[in-house]
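Peer 1: Residue numbers (the working numbering): 101 to 363. We treat Cβ as the ideally placed atom computed from N, Cα and C, and that holds for glycine. As the structure is a prediction and not an experimental result, all values here were calculated from the model. Once you've had a glance at the structure underneath, I'll fire off some questions.
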Amino acid sequence: MGMRVPFIAGNWKMHKTASEAEAHIESLLPQVSDVHGVDVALCVPFTDLHVMVGSAAGSNVAIYAQNMHEEQAGAFTGEISPPMLAEIGIDGVLLGHSERRRLFGETDRALAAKVSAALDAGLRPILCVGETEAEREAQETERRLRHQVREGLSRVPSHRLADVVIAYEPIWAIGTGNVASAQQAQEAISFIRALLSDKAVAPSGGPDVAPTVRILYGGSVTAGNASELLRLEDVDGVLVGGASLDADEFSAIVAAAVGTPEA
Ligand code: PGA
C-alpha cells in the first residue's frame, strides 16, 4: 500500500551541548543527504534545538524536542510550551519516554493532553509505550500496552491519528544492550496495531486507520541489529538512544532503512 514511510529517530537524551550538537550535525548531514524514502529525526535537548534547526535547515533531518508541557503558557516554571517549540521551527516532540514517566512522574493523563496539544501546534508527536521486565514476566505486557495506548491517544481526533507515531520501547531493553528479539518486537508491535483498529481502545482508530500509523521499536538498537528489526512486517522504524550519539553509527542505521519495503 506504500503508506508507511520508514522512520528513524535518534534520542540524544541529556547528551551534547550546543557546540557538540553543531559539530555532530555537520558530520551527520553529508552521510544521510543521499538517503531517500526514509524520514530521519533527532530528538535533542532544549538548549540544542535552536542551533540544530539552523544547521539542519533544508536537509532531510527533522529536529524534535524530547518533552513539552501541554499548556500554551502559564505558571509552570521550567517547562516549555507547544508554541515555543513551533515558533522556532521544531518538527515534532517525543512524549512519554519511559525515563520521563519513571523519573519525572509523567502521567498518562498529562500525555493525552500533550499528544493533542502537539498536534494542535503542528508538531508530530512520538508517543512512547512499553512494559517493564516484571510486567513481561507476569504476562502483563498486553494489559500495560493497552492501557498506555488507550490513555495516550484518548484525545486524538480521528483525522489526526495517522500523524501520531508510536514507539514501542520495552523498558528492559532500554540502555541495557538487551535488544528485544525479532519475535518479541513483531508480536508487541502487531498487538499495538491491532489496538489501533479497535475503536473501544482507540476511538480515533479503526481498521482503515491502523495500517497507516507508524510504529517504531526502541531499546538497544545498533547498526548491527537494525536491519533485522526493520525488516519485520509491523516495525516501521526505530527509536535509537545510545547509538544515535555517534554520527557514523546513526547514519548506518538510517542506511539500513533504505529499501525497507513500505507497508
Ligand atoms: P537505547 O535507548 O537505544 O540507548 O537503548 C533507547 C531510548 O531510550 O529511546
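From Pro-183 to Val-153, what distance separates their C-alpha atoms?
Peer 2: 15 angstroms
Peer 1: So what's Arg-243 in DSSP terms, helix, strand or just coil?
Peer 2: helix
Peer 1: Is any heavy atom of ligand 1 found at a distance shorter than 7 angstroms from the C-beta of Ala-347?
Peer 2: no
Peer 1: When you compare each of Val-144, Ala-109 and Val-135 to Ser-119 by their alpha carbons, which one comes out closest?
Peer 2: Val-144
Peer 1: Quick check: what's the CA-CA separation for Val-358 versus Gly-174?
Peer 2: 43 angstroms
Peer 1: Would you kindly work out how many angstroms separate the C-alpha atoms of Met-114 and Ser-159, rounded to a whole number?
Peer 2: 24 angstroms
Peer 1: Should Met-214 go down as buried or exposed, given a rule of 16 or more other Cβ atoms within 10 Å for buried?
Peer 2: A small fix is needed here, since residue 214 is Lys in this sequence, not Met. Counting C-beta atoms within 10 angstroms of its own C-beta, Lys-214 has 16 or more neighbours from the protein chains shown and is therefore classed as buried.
Peer 1: Between which two residues does the alpha helix (DSSP H) holding Asp-208 run?
Peer 2: From DSSP, the alpha helix (DSSP H) with Asp-208 extends over 208 to 220.
Peer 1: With DSSP run on the structure shown, which of helix, strand or coil describes Pro-130?
Peer 2: helix
Peer 1: So what does DSSP say about Leu-296, is it helix, strand or coil?
Peer 2: helix
Peer 1: Over the uninterrupted alpha helix (DSSP H) stretch that includes Ile-163, give me the two end residues.
Peer 2: No alpha helix (DSSP H) contains Ile-163, which is instead part of the beta strand (DSSP E) from 161 to 165.
Peer 1: Give the single residue among Val-265, Pro-270, Glu-349 and Glu-199 whose Cα lies nearest to the Cα of Val-309.
Peer 2: Val-265
Peer 1: My understanding is that Ile-292 touches Leu-245, with C-beta atoms under 8 angstroms, so please give their C-beta distance in whole angstroms.
Peer 2: Rounded, the Cβ-Cβ distance is 6 angstroms, consistent with contact.
Peer 1: Can you give me the C-alpha to C-alpha distance between Val-229 and Leu-149, rounded to a whole angstrom?
Peer 2: Spanning the two alpha carbons is a distance of roughly 24 angstroms.
Peer 1: I need the straight-line Cα distance from Ala-352 to Leu-211, nearest angstrom please.
Peer 2: 32 angstroms
Peer 1: Give me the residue from Phe-176, Ser-181, Gln-248 and Glu-171 with the minimum Cα distance to Gly-196.
Peer 2: Answer by Cα proximity: Gln-248.
Peer 1: Can at least three beta-carbon pairs, one atom from the stretch 278 to 291 and one from the stretch 322 to 333, be found at a separation below 8 angstroms?
Peer 2: yes
Peer 1: Which residue marks the beginning of the beta strand (DSSP E) containing Leu-332, and which one marks its end?
Peer 2: No beta strand (DSSP E) holds Leu-332; DSSP gives it neither H nor E.
Peer 1: Comparing alpha-carbon positions, which option in Arg-104, Asp-298, Trp-272 and Ala-356 lies nearest Ser-198?
Peer 2: Trp-272
Peer 1: Would DSSP call Val-193 helix, strand or coil?
Peer 2: strand
Peer 1: Using DSSP with H/G/I as helix, E/B as strand and the rest coil, what is Ser-119?
Peer 2: When secondary structure is reduced to three states using DSSP, Ser-119 falls in the helix class.
Peer 1: Using only the heavy atoms of ligand 1, determine whether one of them is closer than 7 angstroms to the beta carbon of Ile-353.
Peer 2: Incorrect: Ile-353 has no Cβ contact closer than 7 angstroms to ligand 1.
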